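Below is one structure, written out as structure tokens, with a few remarks after it.
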Amino acid sequence: MVEISAETIKSWIDPQEVIDLAGRLVTLPSENPPGGEAAVAGELGNFLRSSGFAVEYGYLEPQRPNLTARLEGNGCGPTLLFCGHSDTMPVSVGWATDPFGERVVDGKLFGRGSADMKGGLAAMAVACAALGRAKLPLKGSLVFAAVIDEENRGIGAQCLVGSGIRADWAVIGEPTKNKPVIVSNGQINFEFTLRGQAGHGSTPSSGRSAILDGICLVNAICKYAEEVLPARTHPLVGPASINIGTFHGGIQTSIIPDTCIISVDRRIAPGETTGNAIREMENIVAAVQAAYPGMRVDMLIPYCLPPVEIGEDAPVVQALRQAAAVFSGSLPELTGMRATTDAAILAGKGGIPTVVFGPGSLAQAHKPDEFIAIDELVNAAYIYAHTAVQLLT
Numbered sequence: 003m004v005e006i007s008a009e010t011i012k013s014w015i016d017p018q019e020v021i022d023l024a025g026r027l028v029t030l031p032s033e034n035p036p037g038g039e040a041a042v043a044g045e046l047g048n049f050l051r052s053s054g055f056a057v058e059y060g061y062l063e064p065q066r067p068n069l070t071a072r073l074e075g076n077g078c079g080p081t082l083l084f085c086g087h088s089d090t091m092p093v094s095v096g097w098a099t100d101p102f103g104e105r106v107v108d109g110k111l112f113g114r115g116s117a118d119m120k121g122g123l124a125a126m127a128v129a130c131a132a133l134g135r136a137k138l139p140l141k142g143s144l145v146f147a148a149v150i151d152e153e154n155r156g157i158g159a160q161c162l163v164g165s166g167i168r169a170d171w172a173v174i175g176e177p178t179k180n181k182p183v184i185v186s187n188g189q190i191n192f193e194f195t196l197r198g199q200a201g202h203g204s205t206p207s208s209g210r211s212a213i214l215d216g217i218c219l220v221n222a223i224c225k226y227a228e229e230v231l232p233a234r235t236h237p238l239v240g241p242a243s244i245n246i247g248t249f250h251g252g253i254q255t256s257i258i259p260d261t262c263i264i265s266v267d268r269r270i271a272p273g274e275t276t277g278n279a280i281r282e283m284e285n286i287v288a289a290v291q292a293a294y295p296g297m298r299v300d301m302l303i304p305y306c307l308p309p310v311e312i313g314e315d316a317p318v319v320q321a322l323r324q325a326a327a328v329f330s331g332s333l334p335e336l337t338g339m340r341a342t343t344d345a346a347i348l349a350g351k352g353g354i355p356t357v358v359f360g361p362g363s364l365a366q367a368h369k370p371d372e373f374i375a376i377d378e379l380v381n382a383a384y385i386y387a388h389t390a391v392q393l394l395t
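3 is the number of the first residue of the sequence shown in this note's numbering; add one for each residue after it.
So this is what it looks like as structure tokens:
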């Protein structure tokens, strides 16, 4: 490893460059739905190309490209992947200022995506550019990826893995307040369609209410959530959980509803498997159907990702912690995240040991007047650069 001091890292990175790039990204709307991440990818691609990176765009849909930028080493060392998502959640009501206005006040950058996660993208991109401009003799290769659609179903990360990308380690720059997240929940989204028989609302016995059947199913799922899941817990993320996300049925008050559609979010705690969680849900459905003869239920699984865990002794975790200690003065604690990120795809389907680490707080994500602290943003760029030096030189 080449010994690079904190002062040298800081000399490579202009804090204003990090702030300006994050601000430019915030001004480029990429709400999902509908997506439209092309402008963000273009801004990042142009920035990295000017620092010696080979840049590629892979369009999954019109105006929705994955960006991959690569700085090759001499071919005999490992590959480090910095990855983040270029989409944001839609703007909700309640903003006091323009969500795409690039406003810096009291040491905070405001705007949609500032925390989740255009700040993280900017910090990673500037760190990568700094290494490109420094022209260090890298033994390994440095890859930056900005993927689409993390806020929906992760098709960007799915396609990145499907394209055959290989890396020894990955860092995802989601907002963690610059603490390494080494474990996070998995997630299964279930969709249940219950089918009854329509009839006149004045004679409920003339049909079968899909809504009443749906209520019976929901009650059984909630009982399972209350009696079984609290014991399935992890010290860094807490217990497994279930959320009944949507419940839709019927078309008119005086008609017995013949259809009811329910969506359920099941979070999978580390130590559980997605296969077992699916089997348990199938057993719940079968038991309810047995208790209420004639109930018809179809179950779909539109989204399924396993929990993610990486050892605290993994080189990428150790490098991040050491780099964070250099620039913050203390070794950061190892943490967990209840939310599901693209780490589940990179690690679970791509087989890449992945840690989540980035500036900003999830407490700001998806909210009006979203912001990121400038000091965290700039520090993240220093930490990313130092981490890459440790692992690739």
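By construction, the Cβ of each residue, glycine as well, lies at the ideal position given by its N, Cα and C atoms.
This structure is a prediction, so every number in the text was calculated from the model and none was measured.
Within the same chain, and ignoring the five residues on either side of ALA227 in sequence, the residues whose Cβ sits closer than 8 angstroms to its Cβ are SER243 and ILE244.
Boundaries of the alpha helix (DSSP H) harbouring LEU46: 40-51, taken from the DSSP string. LYS179 and GLN199 have their C-alpha atoms roughly 52 angstroms apart.
Excluding its 5 nearest sequence neighbours in each direction, GLY142 has C-beta neighbours in its own chain below 6 angstroms: GLY75, GLY79, PRO80, THR81 and LEU394, listed in chain order.
When DSSP states are grouped into helix, strand and coil, ASP89 belongs to the coil group. Looking at the backbone, the Cα of SER207 and that of ILE213 are separated by about 14 angstroms.
Exclusion of the five residues before and after ALA169 leaves THR81, LEU82, LEU83, VAL145 and ILE354 as the residues of its chain whose Cβ lies within less than 7 angstroms of its Cβ.
Shown here for ALA349: same chain residues with a beta carbon closer than 8 angstroms to its own, the five before and five after excluded, namely ALA172, VAL310, ILE312, PRO355 and THR356 in chain order. ILE167 and GLY360 do not touch by the CB rule: their CB atoms are close to 20 angstroms apart, not below 8 angstroms.
The beta carbon of GLU335 is closer than 7 angstroms to those of LYS181 in its chain, skipping five residues each way along the sequence.
The residues HIS202, GLY203 and SER204, in chain order, have a CB closer than 8 angstroms to that of SER256 in the same chain once the five nearest residues on each side in sequence are set aside. Residue state for GLN65 is assigned as coil, using DSSP reduced to three classes. GLU33 has THR90 as its beta-bridge partners, per DSSP.
ASP108 has no beta-bridge partner at all, per DSSP. If one requires a minimum length of 3 residues, the beta strand (DSSP E) runs lying completely within the segment 134-162 are 143-149, in chain order. Of the candidates ARG66, PHE194, GLU5 and SER52, the residue whose Cα lies closest to the Cα of VAL290 is PHE194. C-alpha of ALA148 to C-alpha of ALA365: approximately 23 angstroms in a straight line. Following the DSSP letters along the chain, one finds PRO304 in no alpha helix (DSSP H) but inside the beta strand (DSSP E) bounded by residues 298-307. If you ignore the 5 residues before and after ARG155, its C-beta comes within less than 8 angstroms of the C-beta of PRO304 and TYR305, all in its own chain and listed in chain order.
Here the C-alpha atom of ARG72 lies approximately 55 angstroms from the C-alpha atom of PRO259. Contact check for ILE270 against GLY188 passes: the beta carbons are separated by less than 9 angstroms. GLY247 is positioned such that its CB atom lies closer than 9 angstroms to that of SER265.
The three-state secondary structure of GLY277, taken from DSSP, is helix. The C-alpha of GLU58 is placed about 20 angstroms away from the C-alpha of LEU30.
Burial is judged here by how many other beta carbons sit within 10 angstroms of a residue's own beta carbon; LYS225 has fewer than 16 and is exposed. Under DSSP, ARG268 takes part in a beta bridge, and its partners are ILE190 and ILE244. THR235 is bridged by DSSP to PRO241. Distance from the CA of LEU307 to the CA of CYS130, rounded to the nearest whole angstrom, comes to 29 angstroms.
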